[in-house]
């Protein structure tokens, strides 16, 4: 069990394989609820009865789009306005082997019929007492829901990719939250995991990038080899500009740059992105060896439209963090797992990371790469972007405008200093302090 009281995904996969029930919890900023889940092919009347008695929610079956199409199970509604977009199909009962359809025996029989390859659309009565759910292609990497979580776990366990799930309500009829869910897990000896941990497990264990094309790219900053990658996670294309041989054991100079159309293309003075991009290319050219990743993570992950909406809010007085939050986003939604996989595919193992952002150091370290040095890249502020840069420093923990940073942070995070455990501890404290300022 992890330090937060949740079990590991490896433990959960084994329990799914053995036909056991477990609890999966989603994020606080989503439904913030827990579901009982189990593999559909392992379902029993006893398991259905347990879920109905102790879960009290709807008993559903999450399935792949392909199987639902085979069974001609159409969406429950033509326009889905559900808060989280859960894709219900019409409800069903098995025509054979059931009576009223609602008993634990009948519902278990219907679940078995749904995954039986011999079952035809005509073998299912509509409406019924089991609610099929359409899981998104790509699983939790596409949609971080319970529906996708149980299908992913069944697939990872080597079982039929369909699972039974039931929301867990407390005895008073309210939704059971994490503290109560942990009590339920202890009471019945069940494993409890999070959707977030399934996402991290898949990012860590599956290859999610594919190299599409490689070509030469002469630029005003030097000659590079351009590799275009596709991502199985977000369907975006990402670019790696490579200089020299990056497969040797020596640490590679690396810049992970998030796309900024306004700064990179139009030279916006609101940010320092375009200047950082060009300076990083020059740094790699001078080094004679390195990688620049150009990641499709516009606006720290909120996308171009929302970034421009955030610009309007900034013009009304909000800073870059406050604007993101006013639009309903966290200050920084970027994930570095795909970038880490691209670096690994290129043969990079150790790197000297060009960054002012400690989160990039921690993010890449967490995906199996060894960051041995932080190489700062600082662009002098202008009258327009000074507040933006100060906000990145004060609320996001960026190591810029260093004359105003604490001495202990500067002592550790030097340009030449190795990224040791002590440095990472200082980074964590620095980020925590920035987070506290953000909450004030």
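Numbering (my numbering), first residue to last: 2 to 441.
For each residue, glycine too, the CB sits at the ideal point set by N, CA and C.
By DSSP's criteria, residue i is part of a beta bridge. Which residues make up the other side?
i           : result
residue 51  : For residue 51, which the question treats as bridged, DSSP gives no partner whatsoever.
residue 296 : 259
residue 242 : 227, 293
residue 176 : 170
residue 284 : DSSP output for residue 284 lists no bridge partner at all.
residue 36  : 25, 168
residue 163 : Residue 163 is not bridged to any residue.
residue 254 : 291, 353
residue 218 : 225
residue 131 : 93
residue 63  : 134, 164
Could you have a look at residue i and say whether DSSP puts it in helix, strand or coil?
i           : result
residue 211 : strand
residue 351 : strand
residue 320 : coil
residue 152 : helix
residue 330 : coil
residue 343 : helix
residue 272 : coil
residue 194 : strand
residue 23  : strand
residue 126 : strand
residue 141 : helix
residue 377 : coil
residue 384 : coil
residue 57  : strand
residue 44  : coil
residue 306 : helix
Taking all protein chains shown into account, do 16 or more other C-beta atoms lie within 10 angstroms of the C-beta of residue i, making it buried, or fewer, making it exposed?
i           : result
residue 299 : buried
residue 27  : buried
residue 317 : exposed
residue 415 : For residue 415, the predicted structure reports a pLDDT of 45, less than 50, and the residue's modelled location is therefore unreliable. A value from the coordinates is still provided. Residue 415 is exposed by the Cβ-count criterion.
residue 359 : buried
residue 66  : exposed
residue 159 : exposed
residue 221 : exposed
residue 283 : exposed
residue 83  : exposed
residue 123 : exposed
residue 306 : exposed
residue 211 : exposed
residue 75  : exposed
Since residue i and residue j are thought to touch, with beta carbons under 8 Å apart, how far apart are those beta carbons, to the nearest angstrom?
i           : j           : result
residue 214 : residue 229 : 5 Å
residue 141 : residue 196 : 6 Å
residue 94  : residue 131 : 7 Å
residue 374 : residue 252 : 7 Å
residue 155 : residue 146 : Their Cβ separation, rounded to whole angstroms, is 15 Å, which puts residue 155 and residue 146 out of contact at 8 Å.
residue 341 : residue 370 : 6 Å
residue 120 : residue 72  : 7 Å
Which complete beta strand (DSSP E) runs does the region 71–124 hold, if anything under 3 residues is left out? 93–95
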